[in-house]
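To start, the structure under review is shown below, and the notes come after it.
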Amino acid sequence: MRHLTLTLIATVLVAVTIPQWVFADEAPAIPPDDLVYCTVCHGVQMRGNQNVFAPRLSGMAGWYVELQLNAFKNGWRGVHEKDLAGMEMRPMAAALSDAQIATAAQFVSATRSPLPEQTLDGDASAGKKNYSSCAVCHGANGEGNVALHAPALRGLNDWYLLTQLRNYRDGIRGSDPADNYGVQMRATVQILEDDQAMQDVVRYITTLHSD
Amino acid sequence: MNNLSRRNFLGMVGAAGGSSAIYKTSLAMGLLADTGPKAMLDLQQPGSEKKSVAILGAGIAGLTIAYELERAGYDCTIIEASHRIGGRNLTIRHGDIIDEMGQPQVCNFDDDPDLYFNAGPARLPGHHKRVLHYCKAFNIPLQIKANVNRAAYIHETDHFGGKPIRVAEYIADARGFMSELLSKAVDKNAFDQPLSEEDQVRMREFAKIYGDLDENGHYKGTSRAGYASGGFLEHGELKQPIEFSALLDSNFWAGGLSRTENFDWGEPLMEAVGGMDNIVKGFVRNIKSPITVNAQVQSIQLGNDGVDVYYNHKGERKKLHADFCFNSIPSHLMKGIPNNFSKDYNDGLVALGPGNFFKLGLQMKERFWEREGIYGGITSTNQRIRQIWYPSHGIQHQKGVVLGAYTFWGQSNFFERLTPQERIRYAGECGDKIHKGYSDYIEAGVSVPWGRMNHMMGCGSRMAPENEEKYFELIRQPEGKHYMVGDQVSFHSSWQEGAFASAEYALLDMDKRVRAASAVEGKG
Numbered sequence: 068m069r070h071l072t073l074t075l076i077a078t079v080l081v082a083v084t085i086p087q088w089v090f091a092d093e094a095p096a097i098p099p100d101d102l103v104y105c106t107v108c109h110g111v112q113m114r115g116n117q118n119v120f121a122p123r124l125s126g127m128a129g130w131y132v133e134l135q136l137n138a139f140k141n142g143w144r145g146v147h148e149k150d151l152a153g154m155e156m157r158p159m160a161a162a163l164s165d166a167q168i169a170t171a172a173q174f175v176s177a178t179r180s181p182l183p184e185q186t187l188d189g190d191a192s193a194g195k196k197n198y199s200s201c202a203v204c205h206g207a208n209g210e211g212n213v214a215l216h217a218p219a220l221r222g223l224n225d226w227y228l229l230t231q232l233r234n235y236r237d238g239i240r241g242s243d244p245a246d247n248y249g250v251q252m253r254a255t256v257q258i259l260e261d262d263q264a265m266q267d268v269v270r271y272i273t274t275l276h277s278d
Numbered sequence: 035m036n037n038l039s040r041r042n043f044l045g046m047v048g049a050a051g052g053s054s055a056i057y058k059t060s061l062a063m064g065l066l067a068d069t070g071p072k073a074m075l076d077l078q079q080p081g082s083e084k085k086s087v088a089i090l091g092a093g094i095a096g097l098t099i100a101y102e103l104e105r106a107g108y109d110c111t112i113i114e115a116s117h118r119i120g121g122r123n124l125t126i127r128h129g130d131i132i133d134e135m136g137q138p139q140v141c142n143f144d145d146d147p148d149l150y151f152n153a154g155p156a157r158l159p160g161h162h163k164r165v166l167h168y169c170k171a172f173n174i175p176l177q178i179k180a181n182v183n184r185a186a187y188i189h190e191t192d193h194f195g196g197k198p199i200r201v202a203e204y205i206a207d208a209r210g211f212m213s214e215l216l217s218k219a220v221d222k223n224a225f226d227q228p229l230s231e232e233d234q235v236r237m238r239e240f241a242k243i244y245g246d247l248d249e250n251g252h253y254k255g256t257s258r259a260g261y262a263s264g265g266f267l268e269h270g271e272l273k274q275p276i277e278f279s280a281l282l283d284s285n286f287w288a289g290g291l292s293r294t295e296n297f298d299w300g301e302p303l304m305e306a307v308g309g310m311d312n313i314v315k316g317f318v319r320n321i322k323s324p325i326t327v328n329a330q331v332q333s334i335q336l337g338n339d340g341v342d343v344y345y346n347h348k349g350e351r352k353k354l355h356a357d358f359c360f361n362s363i364p365s366h367l368m369k370g371i372p373n374n375f376s377k378d379y380n381d382g383l384v385a386l387g388p389g390n391f392f393k394l395g396l397q398m399k400e401r402f403w404e405r406e407g408i409y410g411g412i413t414s415t416n417q418r419i420r421q422i423w424y425p426s427h428g429i430q431h432q433k434g435v436v437l438g439a440y441t442f443w444g445q446s447n448f449f450e451r452l453t454p455q456e457r458i459r460y461a462g463e464c465g466d467k468i469h470k471g472y473s474d475y476i477e478a479g480v481s482v483p484w485g486r487m488n489h490m491m492g493c494g495s496r497m498a499p500e501n502e503e504k505y506f507e508l509i510r511q512p513e514g515k516h517y518m519v520g521d522q523v524s525f526h527s528s529w530q531e532g533a534f535a536s537a538e539y540a541l542l543d544m545d546k547r548v549r550a551a552s553a554v555e556g557k558g
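In the order they appear, the protein sequences are chains A and B.
Residues in the first sequence are numbered consecutively from 68, following my numbering.
Residues in the second sequence are numbered consecutively from 35, following my numbering.
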């Protein structure tokens, strides 16, 4: 019954326009009891909580949520000794069954929350130049491309994007040969020559945020 | 005055004698069933409308607030995100669920009332008057808990040959050597302001008694360290003092040695007979307000006429409107919960960062430590487990539950990343270095990493000193009719008394406002 409710809500959501600011008394998606865990750290409607290093995931495409939950479960993410936040996530993902992962993906993709606030500075115009390479897979507007297994980037927290770019660069993510798309991303991230270039491109991506 | 209603009459009684007078008078008038113990605080509910209160979190602070406000005539509703009441006051027994994020455990201790583990608060000092007040009010039996035991060990893998030595021995030798130095300083009168002859005599005598020095002011060992042999049928033979340099090399003086000097840990301490959660049970017995578990807050919105709280329960979104809201949600999770607080207030909540204490309990099939002369108290080690606590209850029973690790920060992170089984095995290996065959005695174990406990993800929150001045008072003060509470809003976080104190502070503040508003209303 709970899953049915969720599916119904998700279906209704597709049909209505989601306001940028979700009011308090609206409930775009209510997690089933066994997935309430997600929102303890990621916050209500997966709005993110930088305090506990949990990124905003609201509205993330279900296929990517599933892919990454499996990446944690398989030990492609969250095993490197420097990946402190990833290590926080991994036991939770590891405990999920395939069916729970599918439900989690459905839930996460149905969540809505305000767009993330800007927390980092950077030169968006410099970032835009580099982003043209990113756009090949992630789309000109950061909308993602499921055919290429490239997730949407808009709507993600700037601090989280920067952390992940660094993680790819430092081999904290994308090092396991079984993680095909991670390995690809790790190779690609080398075009960003330094931390500043990463911050700039992240700053540009945040200009793409929209619903 | 002819048509004096019962409410008006009670109002007059209250004005004259406070809420306890109302309570007693109500009882006499048959308006109120005898609800058991009395309130600690003298709160009153003036005004014509019954006021409602939303309490977020059924830990010590929330339960205290419900208990006190119920008695003052408020209408309280408690919602709790986790599956249980009590917050971090958690006693684990046979069959209990430990809701660790991603690694839930079920306690496999024997089904025996003596085999329990206080995974949260475990010690009550005599000056924590609020918690002791409620223990007395609820008839919760307390017993002495040994926090320090001179027969327990100091163990450092890289000192004293890696062998455990008795706490008594270390303390006696350290004091002996320090006293000898003091005595020599007196001999040379090596002080900025020379001591009078009379003071010199007294000081030498002090050093002699303090360190058990011989007639010449030298330390040659003491029976305080325990005898090497004899003592009953033969004269006791003193232990050879540990080399002074070895004492200095060891790190015990930097931590464990001063444990009892901490006022909160000063002997004697107490604990609730049968488990610390008897305090929680005492509140539950004496609270009538509804407590809904598995109810997760989704939004807190301040309005002109109170506070709206939205929460999810059993797959449905619910709304709770109240005149006042008391919130003990861990502050580090508040950023994930929509609200319309001011930016400053939210910044203050962010500034309050969580700790990550880790505790592990082991059911031992025999109380082998008692054969070593250890009854209660704590062994200190430089291994990751840091401490072993021996139970003060169930003395000389067959089995017992020891605390097999109690850690902070980096050590806690280490344990958090192990599976529950790996934690037990690791703690067992550490214990083997202190007690022969320690691992073999382990029958069952549970571990509680507070940084990973569902709906908490932390404990013992505090602000960095640079934030304290800027934010502490800000978040202690109400935001509209919303109060942050809990040990996190006190200078005694990670102690129950901090939660009680915070609850008391918020209640008294609210009471003041209600009385002031009522006085205005009365004049109008």
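For each residue, glycine too, the CB sits at the ideal point set by N, CA and C.
Please read these numbers as outputs of a predicted model, since none were measured by experiment.
Rounded to whole angstroms, what is the Cα-Cα separation between residue i and residue j?
i	j	result
A91(A)	P138(B)	Confidence at A91(A) is low in this model, with a pLDDT of 46, below 50, so its placement is unreliable and the value that follows should be read with caution. About 31 angstroms.
D476(B)	Y424(B)	Residue identity differs from the one stated: residue 476(B) is Ile in this sequence, not Asp. So the two alpha carbons sit approximately 14 angstroms from each other.
G222(A)	R123(A)	8 angstroms
V89(A)	P181(A)	With a pLDDT of 42 at V89(A), under the threshold of 50, the predicted position of this residue should be treated as unreliable, though the coordinate-derived value follows. For V89(A) and P181(A), the distance between alpha carbons rounds to 6 angstroms.
G241(A)	Y227(A)	16 angstroms
T72(A)	S528(B)	Confidence at T72(A) is low in this model, with a pLDDT of 47, below 50, so the placement of that residue is unreliable and no value is reported for it.
H189(B)	G411(B)	14 angstroms
G194(A)	A533(B)	49 angstroms
D109(B)	A171(A)	37 angstroms
Q432(B)	E406(B)	15 angstroms
F392(B)	S473(B)	20 angstroms
A259(B)	D233(B)	29 angstroms
N346(B)	Q330(B)	5 angstroms
G255(B)	F225(B)	27 angstroms
R270(A)	M156(A)	26 angstroms
E102(B)	I313(B)	15 angstroms
Q265(A)	C201(A)	Note on identity: in this sequence residue 265(A) is Met, with Gln being the wrong assignment. Each residue's alpha carbon lies about 12 angstroms from the other.
Return the first residue and the last residue of the alpha helix (DSSP H) that residue i is part of.
i	result
L130(A)	Sequence inspection shows Trp at residue 130(A); the Leu mentioned does not correspond to that position. Per DSSP, W130(A) belongs to the alpha helix (DSSP H) from G129 to K140.
A208(B)	V201 to D221
L233(B)	Checking the sequence shown, residue 233(B) turns out to be Asp, not Leu. Run containing D233(B): E231 to G245, per the alpha helix (DSSP H) assignment.
S279(B)	F278 to D283
V327(B)	Here V327(B) belongs to no alpha helix (DSSP H), and DSSP marks it neither H nor E.
Q251(A)	N247 to T255
W226(A)	D225 to R236
Y104(A)	V103 to H109
Y253(B)	Segment: none, Y253(B) is in no alpha helix (DSSP H) and carries neither H nor E.
Q173(A)	D165 to A177
Let's see if you can read the secondary structure: which residues bound the beta strand (DSSP E) around residue i?
i	result
R351(B)	E350 to A356
G389(B)	L386 to G389
H189(B)	Y187 to H189
F392(B)	F392 to M398
Compute the beta-carbon to beta-carbon distance between residue i and residue j, rounded to the nearest angstrom, for a pair I have assumed lies under 8 angstroms.
i	j	result
L383(B)	M368(B)	5 angstroms
N306(A)	D150(A)	Given a span of 68 to 278 for chain A in the structure shown, any question on residue 306(A) remains unanswerable.
F442(B)	G389(B)	7 angstroms
T415(B)	I468(B)	6 angstroms
V307(B)	L176(B)	7 angstroms
V480(B)	I178(B)	With 8 angstroms as the limit, V480(B) and I178(B) do not qualify as a contact, their Cβ atoms being about 25 angstroms apart.
Interface residues of chain B around residue i at Cβ under 9 angstroms?
i	result
R154(A)	Contrary to the premise, residue 154(A) reads as Met rather than Arg in this sequence. Within chain B, the residues near M154(A) are N447, E450 and R451.
Residues of chain B with a CB under 7 angstroms from the CB of residue i: which are they?
i	result
V175(A)	Those do not exist, as V175(A) stays about 14 angstroms from chain B at its closest Cβ, beyond 7 angstroms.
V103(A)	Q330
Please confirm whether residue i and residue j have their CB atoms less than 9 angstroms apart.
i	j	result
V343(B)	A540(B)	no
I168(A)	N141(A)	no
Q185(A)	D225(A)	yes
I371(B)	V119(A)	no
Y198(A)	N488(B)	no
A385(B)	M544(B)	no
F375(B)	E513(B)	yes
V175(A)	G129(A)	yes
Find the residues of chain A that neighbour residue i, judging by a C-beta separation of less than 8 angstroms, and give them in chain order.
i	result
N346(B)	A94, I97, P98 and V103
Cβ closer than 8 angstroms: which chain B residues qualify as neighbours of residue i?
i	result
H109(A)	G370
Using a Cβ cut-off of 7 angstroms, pull out every chain A residue sitting near residue i, in sequence order please.
i	result
L336(B)	Neighbours of L336(B) on chain A: none; closest Cβ ~11 angstroms, over 7 angstroms.
Name, please, each residue of chain A whose Cβ falls closer than 9 angstroms to the Cβ of residue i.
i	result
M491(B)	V107, C108, V119 and E155
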